[in-house]
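Below: one structure, written as structure tokens.
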Amino acid sequence: MKVISNSPEATEEIGFKIGKKLKAGDIVRLYGELGAGKTTMVKGIARALGIDRKDITSASFTIIAEYPGNPPFYHIDLYRTSAGADLDNTGIWDCIGSHSITVIEWAENAEDELPVDSIKVMIEDTGHDLREITVEGRDEKDWNYL
């Protein structure tokens, strides 16, 4: 499913709609260039899960941000890791599982190691403050409402 966002607020709202469809065990892989709107998307997803959007910041320095809830929400940012890097020392494998919802920014840096049954969200800057957002995975019809 593809949708166009014309503002950060619209990108966050799309994230909110995605978040409303997530359940424990879901993994969302986010792709996009620096400044594309990945963290903005995470704010919307978190808001849908009852987490204050103001609490969401880039996890680039901490790699993992945990937010309590039912289920717990993990925001993982792999910007500071390199593609093919050994992720065993980051703690991300403790976050991924049937007990939580996990969103991973810069997922391309762990592409070969992440579960293939995750949800893939690609954000592409198409110029003039427009973003083309593509959502794939799980049951494709879940994303028709975006």
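Take any residue in the sequence shown, count from 1 to its spot, add 18: that is its number in this note's numbering.
By construction, the Cβ of each residue, glycine as well, lies at the ideal position given by its N, Cα and C atoms.
Per DSSP, Y92 is paired with what? Y92 pairs with E84 and T120.
Touching or not, the stretch 139-153 and the stretch 20-38, by the rule of three or more beta carbon pairs under 8 angstroms? With the rule of 3 Cβ pairs closer than 8 angstroms, the stretch 139-153 counts as touching the stretch 20-38.
To the nearest angstrom, how far is the alpha carbon of L48 from that of A42? If you draw a straight line from the Cα of L48 to the Cα of A42, it comes to about 18 angstroms.
Can you tell me whether T80 is buried or exposed? The criterion is at least 16 other CB atoms within 10 Å of its CB, across all chains shown. Counting the other CB atoms within 10 Å of its CB gives T80 a total below 16, which places it among the exposed residues.
Does the beta carbon of A54 fall short of 7 angstroms from some heavy atom of the ligand ADP? The ligand ADP is not part of this structure, which contains no ligands at all.
Determine, using beta carbons only, whether L141 and K56 come nearer to each other than 8 angstroms. Reading off the sequence, residue 141 comes out as Ile, not Leu. Cβ distance < 8 angstroms, so I141 and K56 count as in contact.
Can you list, in chain order, the residues of its chain with a C-beta nearer than 6 angstroms to that of D44? Leave out the 5 residues immediately preceding and following it. I119.
So, G87 versus I69, is the Cβ gap smaller than 8 angstroms? Cβ distance < 8 angstroms, so G87 and I69 count as in contact.
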